[in-house]
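A.B. asks: Those protein sequence lines, which keep their order, are chains Y and P.
For the first sequence, position 51 (counting from the first letter as 1) is numbered 51 according to our numbering, and the numbering increases by one without interruption.
For the second sequence, position 141 (counting from the first letter as 1) is numbered 141 according to our numbering, and the numbering increases by one without interruption.
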Amino acid sequence: MLFGYAWDTSSNWAFAVSILPILLQGMIVTLEATVLGFFIAAVLGLIFAVLRAVPLRLVSWPTIFIVEFFRDTPLLIQLFFLYFVLPEYGLLLPAFLTGAVALGVQYSAYTSEVYRAGLEAVDRGQGEASRALNLPPAHTFIKIILPQAIPRIIPALGNYLISIMKDVPVLSVVTVVEMLNVAKIIGDRTFQYMIPLTMVGALYLIMTLLASYLVRTLDNRLPTQGIPLK
Amino acid sequence: MWDYLPALMQGAWITLELTFWSTLAGAFCSFFFGLGRGSRNLLLKSVSVAYIEVFRGTSLLVQMFWIFFALPLMGVRMSPMTAGILALSLNIGAYGAEVVRGAIQSVIRSQYEAAKALNFTPRQALWFIALPQALPEMLPPFGNLIIQNLKDTALVSLITLSDLAFRAESLRNLTQDSTTIYTLVLFMYFGMALMLTAIMKLLERRVGRWRGTGAR
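(1) Does any residue of chain Y bring its CB to less than 9 Å from the CB of residue 57 of chain P?
(2) Let me know if residue 76 of chain P comes out buried or exposed under the rule of 16 or more other beta-carbons within 10 Å of its beta-carbon.
(3) Measure from the C-beta of residue 8 of chain P to each C-beta in chain Y and report whether the shortest distance is under 9 Å.
(4) Does any C-beta atom of chain Y lie closer than 9 Å to the C-beta of residue 134 of chain P?
(5) Could you run through the stretch 162-183 of chain P and flag, in chain order, every residue whose CB is less than 8 Å away from some CB of chain Y?
(6) If you run the structure through DSSP and keep just helix, strand and coil, what is residue 6 of chain Y?
(7) Suppose you measure from the CA of residue 110 of chain Y to the CA of residue 116 of chain P; what does that come to, to the nearest Å?
(8) Cutting at 7 Å between CB atoms, please list the residues of its own chain near residue 178 of chain Y, excluding the five before and the five after it.
(9) Tell me, to the nearest whole angstrom, how far the beta carbon of residue 70 of chain P is from that of residue 197 of chain Y; I am working on the premise that it is less than 8 Å.
(10) Could you name the residues of chain Y that residue 74 of chain P contacts, counting a contact when the two beta carbons are closer than 9 Å?
(11) Just how far apart, CA to CA, sit residue 134 of chain P and residue 106 of chain P?
(12) For residue 134 of chain P, is the beta carbon positioned less than 8 Å from some heavy atom of the ligand NAD?
(13) Please check the pair residue 101 of chain Y and residue 82 of chain Y, which I expect to be a contact at CB under 8 Å, by giving their CB distance rounded to whole angstroms.
(14) Quick one: is residue 193 of chain P near chain Y, going by C-beta distance under 9 Å?
(15) Within this structure, are the beta carbons of residue 152 of chain Y and residue 147 of chain P separated by less than 9 Å?
(16) So for residue 17 of chain Y, helix, strand or coil by DSSP?
(17) Would you call the stretch 50-64 of chain Y and the stretch 205-216 of chain Y touching, i.e. three or more CB-CB distances under 8 Å?
(18) Taking residue 122 of chain P as the reference, give the member of P:97, P:178, P:39, P:13 with the closest Cα.
(19) Under the rule that 16 or more other beta-carbon atoms within 10 Å means buried, what is residue 209 of chain P, buried or exposed?
(20) State yes or no: is the C-beta of residue 159 of chain P within less than 9 Å of the C-beta of residue 168 of chain P?
(21) How many angstroms separate the CA atom of residue 185 of chain Y from the CA atom of residue 11 of chain Y?
(22) What residues in its chain sit with their C-beta under 6 Å from that of residue 121 of chain Y, if we drop five residues either side in the sequence?
(23) Between the C-alpha atoms of residue 8 of chain Y and residue 63 of chain Y, what's the straight-line distance to the nearest angstrom?
(24) Got a sec: is the Cβ-Cβ distance from residue 15 of chain Y to anything in chain P below 9 Å?
(25) So with Cβ pairs under 9 Å, would you call residue 82 of chain P a contact of chain Y?
(26) Who are the Cβ neighbours of residue 95 of chain P in its own chain at under 7 Å, not counting the five residues just before and after it?
(27) With H, G and I counted as helix, E and B as strand and the rest as coil, what does DSSP make of residue 188 of chain Y?
(28) Would a C-beta distance cut-off of 9 Å place residue 12 of chain P and residue 76 of chain Y closer than the cut-off?
(29) Does residue 123 of chain Y come out as helix, strand or coil in the three-state DSSP assignment?
(30) Mind listing the chain Y neighbours of residue 158 of chain P? Cutoff is C-beta to C-beta under 7 Å, in chain order.
(31) Tell me whether residue 90 of chain Y sits in a helix, a strand or coil according to DSSP, three-state version.
(32) Just to confirm the assignment, what range does the alpha helix (DSSP H) spanning residue 177 of chain P have?
(33) Give a yes or no on whether the minimum CB-CB distance between residue 72 of chain Y and chain P is below 9 Å.
(34) In whole angstroms, what separates the C-alpha of residue 203 of chain Y from that of residue 61 of chain Y?
(35) So, for residue 240 of chain Y: in the same chain, excluding its five sequence neighbours on each side, which residues have a beta-carbon less than 8 Å away from its beta-carbon?
(36) Cα separation between residue 51 of chain P and residue 143 of chain Y?
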């Protein structure tokens, strides 16, 4: 019995059918963590990308170091660090939030690269031309550079969204009851690991195939020349 | 702080061992299935596509738990070390296979045409013409995958292997000194990653000489 659903161990199929709603409850948590983690990664990555582009080395070099550090250390250790060290300094977050922050921190390193590459891929001539036309720098960035960078940024961000989804099971170590943890609990109670774990794998496959299909559709729909910002 | 180092170092050694073996096995999977995906043999091709899709489409932790908890119920028993290496290498191999496929495809068509004109068999064209040119293209993404693999080894601590992450966790249980331990461990992983990056950079420089079109 979990989340109010009982399982039926009379046959393999009955068992699989009876635990499906329980796993779907876990899937909701997985998706919530994915979305929140992605949101944090997208915002934090943007901050890093901007700080990195600051001409002052006192700002840009530490940023480069931090991004490299976040990228080269395992999510699991970052998660443990946040989960065990932050409370010692009086910051007590619920496990789910800690997990989402850890995902956001880890992937901010990747998203900041995406922003940087996207901005750098815009032809230099575009910026130079708008300067020649005497447009103010803010205007140049928002109206000229950014709209052309967005079509390159969005598909890459979409791929990291999928990666984040695949990393959510790591949060189970700090007691977040996402899909894999649900399957593990069912396995611990019924001694049947094969069926729940295989189902989690299959559900993951469905989620990632669907997500990558959506990203590809979006990629095809995006105009290659740029998106007008209103 | 220095009291923790011997235990953590032992863990770091296990982590490096895991990284080494799973990278080696993963590289084998990458080439086998990456080339298999482009094969004309329908069986090999579909097996390769299925492998790549399944292992890239699911979570590494799910794969690891499946191998460690579910497989023994089917009578396949293995040590945590074997299970860890198997899961890591199959996972990273699927990503690597896509790298291999992409690099082979990036070799320009006229190279194949020239090989055909010179009476090379398709196999010879692959081994002696396409692969040497594709290899330099593969190395930078492979470097990223190796770092990814190093980070992923931390997950084996969840299937009871006493790697660096596992040692950190047991030390924390013992001493409750989480700040020092986890800061130390973060920097140890960072150091190992920098070391691997440096090795890959050296390798890239060596293999980079093969780059370019035509003769060596």
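Ideal Cβ placement from N, Cα and C applies to all residues, glycine included.
Only a predicted model underlies this, so the values are computations on that prediction, with no experimental measurement involved.
C.D. replies: Looking at the coordinates:
(1) For residue 57 of chain P, at least one C-beta of chain Y is nearer than 9 Å to its own C-beta.
(2) It counts as exposed.
(3) Chain Y contact via Cβ: absent.
(4) Taking CB atoms only, residue 134 of chain P has no neighbour in chain Y less than 9 Å away.
(5) Those residues of the stretch 162-183 of chain P that come within reach of chain Y (Cβ to Cβ, closer than 8 Å) are 165, 168, 169, 172, 178, 179, 182, 183.
(6) Secondary structure at residue 6 of chain Y: coil, using DSSP grouped into helix, strand and coil.
(7) So the alpha carbons of these two residues sit roughly 42 Å apart.
(8) 26, 29, 30, 33, 168, 169, 171, 172.
(9) Correct: roughly 5 Å between the Cβ atoms.
(10) Chain-order list of chain Y residues neighbouring residue 74 of chain P: 194, by C-beta distance under 9 Å.
(11) About 7 Å.
(12) With respect to small molecules bound, the structure shown includes none, and the ligand NAD cannot be examined in it.
(13) Right, their Cβ atoms sit about 6 Å apart.
(14) So yes, residue 193 of chain P belongs to the interface.
(15) Their beta carbons are not under 9 Å apart, which means residue 152 of chain Y does not touch residue 147 of chain P by this criterion.
(16) Note: residue 17 of chain Y maps to helix in three-state DSSP.
(17) Between the stretch 50-64 of chain Y and the stretch 205-216 of chain Y, the count of C-beta pairs closer than 8 Å stays below three; the two stretches do not touch.
(18) The residue with the shortest Cα to Cα distance from residue 122 of chain P is P:39.
(19) Answer is exposed; the Cβ neighbour count stays below 16.
(20) Their beta carbons are not under 9 Å apart, which means residue 159 of chain P does not touch residue 168 of chain P by this criterion.
(21) A straight-line Cα-Cα distance of about 19 Å links residue 185 of chain Y and residue 11 of chain Y.
(22) Sequence-distant Cβ neighbours of residue 121 of chain Y in its own chain, meaning closer than 6 Å and more than five residues away, are 152.
(23) One C-alpha to the other measures close to 54 Å.
(24) With 9 Å as the cut-off, residue 15 of chain Y does not count as an interface residue toward chain P.
(25) No, residue 82 of chain P does not count as interfacial toward chain Y.
(26) Contacts found: 56, 145.
(27) Helix, per DSSP.
(28) Cβ atoms of residue 12 of chain P and residue 76 of chain Y: not closer than 9 Å.
(29) The three-state secondary structure of residue 123 of chain Y, taken from DSSP, is coil.
(30) In chain order, 173 make up the part of chain Y whose C-beta sits under 7 Å from the C-beta of residue 158 of chain P.
(31) In the structure shown, residue 90 of chain Y sits in coil (DSSP, three-state: anything other than H, G, I, E or B).
(32) Looking at the DSSP string, residue 177 of chain P is not in any alpha helix (DSSP H), and its letter there is neither H nor E.
(33) For residue 72 of chain Y, a Cβ of chain P is located within less than 9 Å of the residue's own Cβ.
(34) Rounded to whole angstroms, residue 203 of chain Y to residue 61 of chain Y spans 42 Å at the Cα level.
(35) No answer is possible for residue 240 of chain Y: it lies beyond the span of chain Y, which begins at 1 and ends at 230.
(36) Cα to Cα, residue 51 of chain P sits roughly 45 Å from residue 143 of chain Y.
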